[in-house]
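Each residue of the sequence shown is one higher than the last, beginning at -16 in the working numbering. Note that beta-carbon positions come from the ideal geometry of N, C-alpha and C, so glycine has one too. Please read the structure below before turning to the comments.
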Amino acid sequence: DRFGNECLDSNLDPLLEFDLKGNVVKSFGGGMFIWPHGIDVDREGNLWITDAVAPAKTPPGKRGHEVVKFSPDGKVLMTLGTPGVPGLDSTHFNAPSDVVVAPNGDIFVADGHAFEGNNRVVKFDRDGKFIKAWGKTGYAPGEFRMLHAIAIDADGRVFVADRGNNRVQIFDQ
(Lines of atoms letter the chains of each structure in order from A and count residues from 1; the text may use other names and numbers.)
(Lines give C-alpha, C1' and ligand atoms only; values in the text may rest on other atoms or scores of the structure.)
Protein backbone atom coordinates (compact mmCIF):
# COMPACT_ATOMS: atom_id res chain seq x y z
CA ASP A 1 0.00 0.00 0.00
CA ARG A 2 1.75 3.11 -1.26
CA PHE A 3 -0.93 5.69 -0.45
CA GLY A 4 0.62 8.39 1.72
CA ASN A 5 4.29 7.72 1.03
CA GLU A 6 4.56 8.04 -2.74
CA CYS A 7 7.84 9.98 -2.63
CA LEU A 8 9.58 7.73 -0.10
CA ASP A 9 11.86 6.00 -2.61
CA SER A 10 12.07 8.85 -5.11
CA ASN A 11 14.61 11.57 -5.68
CA LEU A 12 12.46 13.16 -8.39
CA ASP A 13 11.53 16.80 -7.81
CA PRO A 14 7.92 17.04 -6.58
CA LEU A 15 7.77 20.83 -7.09
CA LEU A 16 7.53 21.91 -10.69
CA GLU A 17 7.02 25.33 -12.28
CA PHE A 18 5.63 25.46 -15.81
CA ASP A 19 5.51 28.26 -18.36
CA LEU A 20 2.30 29.10 -20.20
CA LYS A 21 3.13 26.55 -22.91
CA GLY A 22 3.43 23.72 -20.37
CA ASN A 23 7.22 23.50 -20.35
CA VAL A 24 8.98 22.86 -17.04
CA VAL A 25 11.07 25.93 -16.24
CA LYS A 26 12.10 25.01 -12.69
CA SER A 27 11.91 22.02 -10.36
CA PHE A 28 13.23 21.21 -6.90
CA GLY A 29 12.62 19.31 -3.65
CA GLY A 30 13.78 15.86 -4.77
CA GLY A 31 14.44 13.46 -1.89
CA MET A 32 13.07 15.90 0.70
CA PHE A 33 9.52 14.61 1.20
CA ILE A 34 7.65 11.39 1.85
CA TRP A 35 4.14 12.70 1.08
CA PRO A 36 4.11 16.35 -0.04
CA HIS A 37 0.51 17.35 0.56
CA GLY A 38 -0.23 21.04 1.22
CA ILE A 39 1.13 24.09 -0.57
CA ASP A 40 0.92 27.86 -0.18
CA VAL A 41 2.66 30.76 -1.86
CA ASP A 42 3.23 33.79 0.35
CA ARG A 43 3.31 37.47 -0.70
CA GLU A 44 7.06 37.28 -1.44
CA GLY A 45 6.60 34.29 -3.74
CA ASN A 46 8.04 31.77 -1.29
CA LEU A 47 6.57 28.25 -1.41
CA TRP A 48 5.43 26.47 1.74
CA ILE A 49 5.02 22.67 1.56
CA THR A 50 3.74 20.19 4.17
CA ASP A 51 4.92 16.59 4.44
CA ALA A 52 1.81 14.78 5.68
CA VAL A 53 3.20 11.26 6.01
CA ALA A 54 1.39 9.14 8.60
CA PRO A 55 3.37 8.00 11.66
CA ALA A 56 3.01 4.34 10.66
CA LYS A 57 4.63 5.13 7.29
CA THR A 58 7.47 7.27 8.66
CA PRO A 59 10.78 5.48 8.12
CA PRO A 60 13.86 6.31 10.16
CA GLY A 61 15.42 9.47 8.83
CA LYS A 62 14.95 13.17 8.51
CA ARG A 63 11.76 13.51 6.45
CA GLY A 64 8.09 13.78 7.29
CA HIS A 65 5.97 15.66 9.85
CA GLU A 66 7.30 19.04 8.79
CA VAL A 67 6.58 22.25 6.92
CA VAL A 68 9.28 23.59 4.60
CA LYS A 69 9.55 27.15 3.28
CA PHE A 70 11.38 27.52 -0.05
CA SER A 71 12.53 30.66 -1.84
CA PRO A 72 11.13 31.04 -5.37
CA ASP A 73 14.41 29.49 -6.59
CA GLY A 74 14.10 26.42 -4.36
CA LYS A 75 16.44 27.32 -1.49
CA VAL A 76 15.23 26.08 1.91
CA LEU A 77 14.56 29.15 4.06
CA MET A 78 12.80 27.62 7.08
CA THR A 79 11.63 24.30 8.45
CA LEU A 80 8.88 23.94 11.06
CA GLY A 81 8.43 20.72 13.00
CA THR A 82 10.95 18.02 13.78
CA PRO A 83 11.66 16.06 10.57
CA GLY A 84 10.84 12.37 10.90
CA VAL A 85 9.44 12.66 14.43
CA PRO A 86 5.67 12.92 14.99
CA GLY A 87 4.48 14.66 18.13
CA LEU A 88 2.06 17.04 19.80
CA ASP A 89 3.88 20.10 21.12
CA SER A 90 5.26 23.42 19.86
CA THR A 91 8.10 21.78 17.89
CA HIS A 92 6.36 18.71 16.43
CA PHE A 93 3.55 17.91 14.02
CA ASN A 94 1.74 14.68 13.25
CA ALA A 95 1.04 14.53 9.50
CA PRO A 96 0.51 18.26 8.80
CA SER A 97 -1.83 18.44 5.82
CA ASP A 98 -1.74 22.11 4.78
CA VAL A 99 -0.26 25.53 5.50
CA VAL A 100 -1.28 29.12 4.83
CA VAL A 101 0.61 32.37 5.42
CA ALA A 102 -1.30 35.50 6.46
CA PRO A 103 -0.51 38.88 4.87
CA ASN A 104 1.39 39.88 8.05
CA GLY A 105 3.56 36.74 7.76
CA ASP A 106 1.89 34.65 10.49
CA ILE A 107 1.91 30.96 9.58
CA PHE A 108 -1.04 28.62 10.17
CA VAL A 109 -0.61 24.85 9.89
CA ALA A 110 -3.45 22.32 9.66
CA ASP A 111 -1.85 19.58 11.76
CA GLY A 112 -3.43 16.15 11.57
CA HIS A 113 -4.17 14.30 8.35
CA ALA A 114 -5.68 11.41 10.31
CA PHE A 115 -8.88 10.81 12.25
CA GLU A 116 -6.95 10.19 15.46
CA GLY A 117 -4.04 12.55 14.70
CA ASN A 118 -3.30 15.88 16.35
CA ASN A 119 -6.39 17.52 14.85
CA ARG A 120 -5.29 21.05 15.65
CA VAL A 121 -4.35 24.34 14.03
CA VAL A 122 -0.91 25.67 14.95
CA LYS A 123 0.02 29.35 14.61
CA PHE A 124 3.58 30.70 14.30
CA ASP A 125 4.93 34.20 13.74
CA ARG A 126 6.76 35.09 10.53
CA ASP A 127 10.05 33.88 12.04
CA GLY A 128 8.65 30.46 12.99
CA LYS A 129 8.17 31.20 16.69
CA PHE A 130 5.25 29.22 18.15
CA ILE A 131 2.31 31.46 19.12
CA LYS A 132 -0.53 29.06 19.92
CA ALA A 133 -2.48 25.97 18.91
CA TRP A 134 -6.16 25.15 19.08
CA GLY A 135 -8.41 22.18 18.44
CA LYS A 136 -8.53 18.52 19.33
CA THR A 137 -10.12 15.34 18.03
CA GLY A 138 -13.90 15.43 18.19
CA TYR A 139 -17.17 16.55 16.69
CA ALA A 140 -17.99 19.79 18.55
CA PRO A 141 -17.19 23.30 17.31
CA GLY A 142 -13.43 23.83 17.44
CA GLU A 143 -12.81 20.09 17.28
CA PHE A 144 -11.67 18.24 14.17
CA ARG A 145 -11.46 14.82 12.55
CA MET A 146 -8.76 14.91 9.87
CA LEU A 147 -7.90 18.48 8.99
CA HIS A 148 -7.37 18.62 5.26
CA ALA A 149 -6.94 22.21 4.09
CA ILE A 150 -6.59 25.71 5.50
CA ALA A 151 -7.08 29.16 3.96
CA ILE A 152 -7.40 32.81 4.97
CA ASP A 153 -9.97 35.14 3.38
CA ALA A 154 -9.68 38.88 2.68
CA ASP A 155 -11.12 39.63 6.14
CA GLY A 156 -8.41 37.55 7.85
CA ARG A 157 -10.70 34.70 8.86
CA VAL A 158 -9.12 31.24 9.00
CA PHE A 159 -11.07 28.56 7.12
CA VAL A 160 -10.30 24.96 8.09
CA ALA A 161 -11.51 22.01 6.02
CA ASP A 162 -12.58 19.47 8.66
CA ARG A 163 -12.72 16.48 6.34
CA GLY A 164 -13.86 13.77 8.75
CA ASN A 165 -16.69 15.93 10.05
CA ASN A 166 -17.72 16.98 6.50
CA ARG A 167 -17.56 20.68 7.25
CA VAL A 168 -15.53 23.87 7.06
CA GLN A 169 -14.98 25.68 10.35
CA ILE A 170 -14.22 29.42 10.40
CA PHE A 171 -12.08 31.12 13.05
CA ASP A 172 -10.61 34.52 13.76
CA GLN A 173 -6.85 34.66 14.10
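So the beta strand (DSSP E) Thr74 belongs to, where does it begin and stop? On the sequence shown, position 91 is the one that residue 74 refers to. Careful: Thr74 lies outside any beta strand (DSSP E) and carries neither H nor E.
Using a threshold of 8 angstroms, state whether the C-beta atoms of Phe11 and Gly57 are closer than that. Sequence index remark: in the sequence shown, residue 11 carries index 28 (1-based). Sequence index remark: in the sequence shown, residue 57 carries index 74 (1-based). Yes, these two residues count as a Cβ contact at 8 angstroms.
Under 8 angstroms by Cβ, that's how I've got Met61 and His96 pegged, so tell me the actual separation to the nearest angstrom. Residue 61 sits at position 78 when you count from the first residue of the sequence shown. Residue 96 sits at position 113 when you count from the first residue of the sequence shown. About 21 angstroms separates the two Cβ atoms, so there is no contact after all.
Is Ala35 closer than 8 angstroms to Pro79 when the C-beta atoms are compared? For the purposes of this step, residue 79 is taken as residue 96 along the sequence shown, with counting starting at 1. For the purposes of this step, residue 35 is taken as residue 52 along the sequence shown, with counting starting at 1. Ala35 sits close to Pro79, with the two beta carbons spaced by under 8 angstroms.
Are the region 44 to 55 and the region 24 to 35 touching, with three or more C-beta to C-beta distances below 8 angstroms? The region 44 to 55 and the region 24 to 35 touch, with no fewer than 3 CB-CB distances between them shorter than 8 angstroms.
C-alpha gap between Gly147 and Asn102, whole angstroms: By one-based count along the sequence shown, residue 147 stands at place 164. By one-based count along the sequence shown, residue 102 stands at place 119. Their backbone Cα atoms lie some 10 angstroms apart in a straight line.
Taking Cβ positions, are Val92 and Val84 nearer each other than 8 angstroms? Along the sequence shown, read from residue 1 onward, the residue named residue 92 stands at position 109. Along the sequence shown, read from residue 1 onward, the residue named residue 84 stands at position 101. In this structure, Val84 does not lie closer than 8 angstroms to Val92 by Cβ.
Residues of its chain near Leu71, where Cβ-Cβ distance is below 7 angstroms and the 5 sequence neighbours each way are ignored: On the sequence shown, residue 71 is found 88 positions in, with the first residue counted as 1. Apart from sequence neighbours up to five positions away, the residues of its chain that approach Leu71 with a beta-carbon distance below 7 angstroms are Asn77, Asn101, ordered along the chain.
Segments of 3+ residues assigned as beta strand (DSSP E) that fall wholly inside the region -10 to 16: You should have -2 to 1, 7 to 11.
Under a Cβ-count criterion, where at least 16 other Cβ atoms within 10 Å of its own Cβ denotes burial, should Val7 be classed as buried or exposed? As a first step, residue 7 is located in the sequence shown; it is residue number 24 there, counting from the start. Its Cβ having fewer than 16 others within 10 Å, Val7 is exposed.
Span of the beta strand (DSSP E) around Met129: For the purposes of this step, residue 129 is taken as the residue at position 146 of the sequence shown. Looking at the DSSP string, Met129 is not in any beta strand (DSSP E), and its letter there is neither H nor E.
In the DSSP assignment, find the beta strand (DSSP E) that holds Val36 and state where it starts and stops. Looking up residue 36 in the sequence shown gives position 53. First-last for Val36: undefined, no H or E at that position.
Give me the Cα-Cα distance between Ala137 and Asp25, rounded to the nearest whole angstrom. Locating residue 137 in the sequence shown gives position 154, where the first residue counts as 1. Locating residue 25 in the sequence shown gives position 42, where the first residue counts as 1. Approximately 14 angstroms, taken between the alpha carbons.
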